[in-house]
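Engineer:
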Amino acid sequence: MVVAKTGNEAMAYAMKQVNPDVVAAYPITPSTEIVQIFSGYVADGLVDTEYVAVESEHSAMSACIGASVAGARAMTATASQGLALMHEMLHIAGGLRLPIVLCLASRSLSSPLNIHCDHSDSVASRDSGWIQIFCESSQEGYDSVVQAVRIAETAFIPVMVAIDGFILSHCMDRIEVLEDKQVQDFVGKLKPNYNLLDVDHPVTVSPACLPDSYFEHKRAQAQGMNDVLPVIEKVAADFGQKFGRLWKTIDGYRTEDAEAVIVCMGSAVGTTRIAVDELRKQGKKVGMFKLRIFRPLVADVFKKVLGKYKVVGVLDRVEGVSGYVTPLTVEVRAALYDQAPKPMVPSYVYGLGGREFEPEDAMKVFEELLGFAKAGKAPDGTGYVGVR
Amino acid sequence: MASIKALCKEPELFSSGHRACAGCGEALGVRQVLLAAQKPVVIVIPTGCMEIISTLYPHTAWQVPCFHNAFENAAATLSGVEAAYKTFKRKGEITKDINFIAFGGDGGTYDIGFQALSGAVERGHRMLYVCTDNEAYMNTGVQRSSATPMGAHTTTSPAGNKIPGKVQWRKDIVEIMIAHDIPYAAQAAINNWSDLANKVQKALSVNGPSFINLLVPCPLGWMYPSDKTVEQSKMAVDTCFWPLYECENGVYKVNYDPKDKKIPAVEWLKTQDRFRHLFKPGNEHLIEAFQKEVDRRWQKLLGKVPKTV
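Shown next as structure tokens:
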């Protein structure tokens, strides 16, 4: 069925079709609508969910964790400061291997306060043990929420699905939605490894671990993340086969003979695609890779896919404020370090705090990258796209 | 009314062999609450002494399901557990009735966990929250909390040459919980097991949130010999520093009035080295102020009890 929905509406609708046992959430711009719409479903009796209208995002994730430990399928939605306030609990959800799914409408972090899109919130959560899926469209957001439930409950790793705040969350688009039964069949039934509510088989969950055991727990958790990419790809492939939409881990666009490529995530993908087409019309050999899976860090995929190019420009919608290049640039460079010859990997920041990113901006970056390709060298610092 | 004979026949749900200090009031309190609780129960605890002494991997002292999440969110966590239970119950996937209890120290309750507690109580989850109040952050080595009494020396309210221990009086958490208009809130102490058992049973019988503030003296933080824990609790009650009372559907009841057996606060203060500096010459006014505040609060409480029963 084809419907007109905003990104928030599409994600809320996916949550309705998943029909989780517990949703605990707190409103925050620009993800507020997800929470509003879902509480409407609860009020109208359209879901079996117990909705916990908590008093903060910290409590939202705490309650999701409590519900998940109790064997429930738990979901939430947030953005920005809300995700930052959850930060402590994200690590606990990751460490406990709880299959919680979080819908994120990406937004900048204060200060200064700004309600618009960038990836500061999700990127700052990258070490918390969550799978992170970045979507280029609301359709992908909808599809990814459905996929996320099965990924999380197969691998026992929580999943965050990010759409760009306002740009996607508030943009009305054509969305193909599945039938409720199709979603239910696809996600299946949660089979937790233990259940706090099983009073006949009492368990103590999340004990204190001293130096004699903490390390082993974290090592085991790391292995879970090391092994999860095939799970993500299998779920994506199954979804693609059943419903005709295949979302790849990394997806190239007109890259075959490209002299320079851009790697980017989120809604900038569509913008950059237009820039590629424009420049191709002018006979310039440029292409783009859309990165969908930010965590796990798909280093082997980077090697395989990006290693052969002369210039790989990384566009990050986050600064990182590390004193060096952006977070994704560091990761792409690290993955390509042992390639010979290896690409130049210039770093770019764009679109902070909702600053518009137009095809012309991407075209300027491509022109620079082509210049680097020709010169055979690129600067090590960060380029700022569209900053005054 | 719970008899000690009946309580003794209950299975121990908090087993021996845990790592609490000798004379730990909190371990006594948890054990008493569990003996009195209607079964089955599911427990949530925050980070703190109780987590460290009872859940050190790969051991556990808990014979019932127990979940430790973080420091400030026991009430929010239990909200999620209870919400899951409600869904499963509605779907018929769980048939048993389960009681939900959170144990939080005064740090996790009065201070860092206060918002989560207020939120959970306002939402009306059916849960009993027991604050095991030992009047400071004991797990991290005795730092002041908003439950620490005026005058007490802690490592962050040290008795120095200029400032004589904690300057502020303690936050009245029970009154704050009563102000949420919950069906049942009470204050109890470990020396009076019978009163505590009754309160636990009452609290678990209400259809909504309930709260018990339980005094659990700490030999390490209060600085008294470890065989005096129960005595410490009794003196706190007999001075009227720690009144035993309850508020059931808005109606106050004082469960124990020492009347002519009421002892001066100074008798209790002098048994604890956290108050030692109050006995230096020139500090007499602090002891007087302590007594005055105890009396003021006690009278204030008595004023809330209905005159005719």
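Top line first, the protein sequences correspond to chains S and D. The number in our numbering is simply the position in the first sequence, starting from 1, with 543 added. The number in our numbering is simply the position in the second sequence, starting from 1, with 408 added. From the three backbone atoms N, C-alpha and C, an ideal C-beta is built for every residue, glycine too.
#1: With a 10 Å radius around its C-beta and 16 neighbouring C-beta atoms as the bar for buried, classify residue 416(D) as buried or exposed.
#2: On the three-pair Cβ rule with 8 angstroms, is the stretch 763–771 of chain S touching the stretch 794–811 of chain S?
#3: On a CA-only basis, which of 590(D), 462(D), 657(D), 485(D) is nearest residue 424(D)? Give me that one, please.
#4: Look at the alpha carbon of residue 808(S) and the alpha carbon of residue 549(S), and state the distance between them as a whole number of angstroms.
#5: Do residue 862(S) and residue 908(S) have their CB atoms nearer than 7 angstroms?
#6: Going by C-alpha to C-alpha distance, which of 896(S), 919(S), 915(S) sits closest to residue 930(S)?
#7: Can you list, in chain order, the residues of the stretch 614–630 of chain S whose Cβ is nearer than 8 angstroms to any Cβ on chain D?
#8: Could you compute how far the alpha carbon of residue 437(D) sits from the alpha carbon of residue 443(D)?
#9: Quick check: is the beta carbon of residue 493(D) nearer than 7 angstroms to any beta carbon in chain S?
#10: So within the stretch 830–891 of chain S, which uninterrupted alpha helix (DSSP H) runs reach at least 4 residues, ignoring any that extend past its ends?
#11: What whole-angstrom Cβ distance do residue 513(D) and residue 483(D) have, given they're in contact under 8 angstroms?
#12: Work out the CA separation of residue 738(S) and residue 563(D) for me, nearest whole Å.
#13: Helix, strand or coil, according to DSSP, for residue 588(D) in the structure here?
#14: For a cutoff of 7 angstroms on Cβ pairs, would you count residue 428(D) as touching chain S?
#15: Using beta-carbon positions only, say whether residue 695(S) and residue 702(S) come within less than 7 angstroms of one another.
#16: At 9 angstroms on the CB atoms, spell out the chain S contacts of residue 355(D), in chain order.
#17: Tell me where the beta strand (DSSP E) around residue 701(D) begins and ends.
#18: Who are the near neighbours of residue 642(D) in its chain, counting only those whose CB is closer than 6 angstroms to its CB and skipping five residues on each side?
#19: Give a yes or no on whether the minimum CB-CB distance between residue 527(D) and chain S is below 7 angstroms.
#20: So residue 542(D) and residue 460(D) are supposed to be a Cβ contact under 8 angstroms. How far apart are they, rounded?
#21: If you check the beta carbons only, do residue 621(D) and residue 595(D) fall under 7 angstroms apart?
#22: So with CB distances below 7 angstroms, who are the chain D contacts of residue 752(S)?
#23: Using the beta-carbon of each residue, which ones in chain B are nearer than 7 angstroms to residue 471(D)?
#24: Check residue 512(D) in the structure and name its three-state DSSP category.
#25: Does residue 432(D) get closer than 7 angstroms to chain S when you measure Cβ to Cβ?
#26: For residue 616(S), collect the residues of the same chain with a Cβ closer than 6 angstroms to its Cβ; drop the 5 residues on either side in sequence, then sort them by chain order.
#27: Quick one: what's got a C-beta closer than 6 angstroms to residue 496(D)'s C-beta in the same chain, skipping five residues either side?
#28: Measuring only the C-alpha atoms, how far is residue 598(S) from residue 660(S)?
#29: Quick one: what's got a C-beta closer than 8 angstroms to residue 780(S)'s C-beta in the same chain, skipping five residues either side?
Structural biologist: Taking the structure as given:
#1: Within the second sequence, the letter at position 8 stands for residue 416(D). When all chains shown are included, residue 416(D) counts as exposed.
#2: Because the criterion of three Cβ pairs below 8 angstroms is not met, the stretch 763–771 of chain S and the stretch 794–811 of chain S do not touch.
#3: Indexing the second sequence from 1 puts residue 424(D) at position 16. When only C-alpha atoms are compared, the closest one is 462(D).
#4: As a working note, residue 808(S) is residue 265 in the first sequence. As a working note, residue 549(S) is residue 6 in the first sequence. Cα-Cα distance, rounded: 19 angstroms.
#5: Your numbering for residue 862(S) matches position 319 in the first sequence. Your numbering for residue 908(S) matches position 365 in the first sequence. No, the Cβ-Cβ distance between residue 862(S) and residue 908(S) is not below 7 angstroms.
#6: In the first sequence, the residue the question calls residue 930(S) occupies position 387. Out of 896(S), 919(S), 915(S), the CA that lies nearest to the CA of residue 930(S) is found in 896(S).
#7: Identification of residues in the stretch 614–630 of chain S having a C-beta nearer than 8 angstroms to some C-beta of chain D yields 614, 615, 617, given in sequence order.
#8: The residue you call residue 437(D) lines up with position 29 of the second sequence. The residue you call residue 443(D) lines up with position 35 of the second sequence. Their Cα atoms are separated by approximately 10 angstroms.
#9: Locating residue 493(D) in the second sequence gives position 85, where the first residue counts as 1. Residue contact with chain S for residue 493(D): present (Cβ-Cβ distance below 7 angstroms to some residue of chain S).
#10: Those alpha helix (DSSP H) runs which fall completely within the stretch 830–891 of chain S and span 4+ residues are 842–849, 870–879.
#11: Along the second sequence, one-based indexing puts residue 513(D) at 105. Along the second sequence, one-based indexing puts residue 483(D) at 75. That pair is no contact at about 13 angstroms.
#12: For the purposes of this step, residue 563(D) is taken as the residue at position 155 of the second sequence. For the purposes of this step, residue 738(S) is taken as the residue at position 195 of the first sequence. The alpha-carbon atoms of residue 563(D) and residue 738(S) are separated by roughly 40 angstroms.
#13: Reading the second sequence from its first residue, position 180 is the one you call residue 588(D). The answer is coil: DSSP assigns residue 588(D) none of H, G, I, E or B.
#14: Sequence index remark: in the second sequence, residue 428(D) carries index 20 (1-based). Not one beta carbon of chain S lies nearer than 7 angstroms to the beta carbon of residue 428(D).
#15: As a position in the first sequence, residue 695(S) is number 152, starting the count at 1. As a position in the first sequence, residue 702(S) is number 159, starting the count at 1. Yes, the pair counts as a contact, with Cβ atoms nearer than the cut-off.
#16: Residue 355(D) cannot be examined here, being either before or after the span of chain D that is shown, 409 to 717.
#17: The count along the second sequence starts at 1 and reaches residue 701(D) at position 293. No beta strand (DSSP E) holds residue 701(D); the alpha helix (DSSP H) holding it covers 692–712.
#18: As a working note, residue 642(D) is residue 234 in the second sequence. Excluding positions up to five away in sequence, the list reads 599.
#19: The residue labelled residue 527(D) in the question sits at position 119 within the second sequence. Yes, because at least one Cβ of chain S sits closer than 7 angstroms to the Cβ of residue 527(D).
#20: Residue numbering aside, residue 542(D) sits at position 134 when the second sequence is read from its first letter. Residue numbering aside, residue 460(D) sits at position 52 when the second sequence is read from its first letter. At roughly 14 angstroms, the Cβ-Cβ gap does not stay under 8 angstroms, so residue 542(D) and residue 460(D) are not in contact.
#21: Position 213 of the second sequence, counted from the first residue, corresponds to residue 621(D). Position 187 of the second sequence, counted from the first residue, corresponds to residue 595(D). Taking 7 angstroms as the cut-off, the Cβ atoms of residue 621(D) and residue 595(D) count as close.
#22: Your numbering for residue 752(S) matches position 209 in the first sequence. Per Cβ cutoff of 7 angstroms: 465.
#23: This model lacks chain B altogether; the protein chains it does include are S and D.
#24: As a working note, residue 512(D) is residue 104 in the second sequence. If DSSP states are grouped into helix, strand and coil, residue 512(D) belongs with the strands.
#25: Here the question's residue 432(D) lines up with position 24 in the second sequence. With a threshold of 7 angstroms between beta carbons, residue 432(D) makes no contact with chain S.
#26: For this step, residue 616(S) is matched to residue 73 along the first sequence. If we look at residue 616(S) and ignore the five residues flanking it on each side, its Cβ neighbours are 563, 564, 733.
#27: Stepping through the second sequence from its first residue, residue 496(D) is reached at position 88. For residue 496(D), where only same-chain residues beyond five positions count, the Cβ hits under 6 angstroms are 502.
#28: If you number the first sequence from 1, residue 598(S) lands on position 55. If you number the first sequence from 1, residue 660(S) lands on position 117. Inter-residue distance for residue 598(S) and residue 660(S) is about 24 angstroms (C-alpha atoms, whole angstroms).
#29: Position 237 of the first sequence holds residue 780(S). Cβ within range, chain order: 789.
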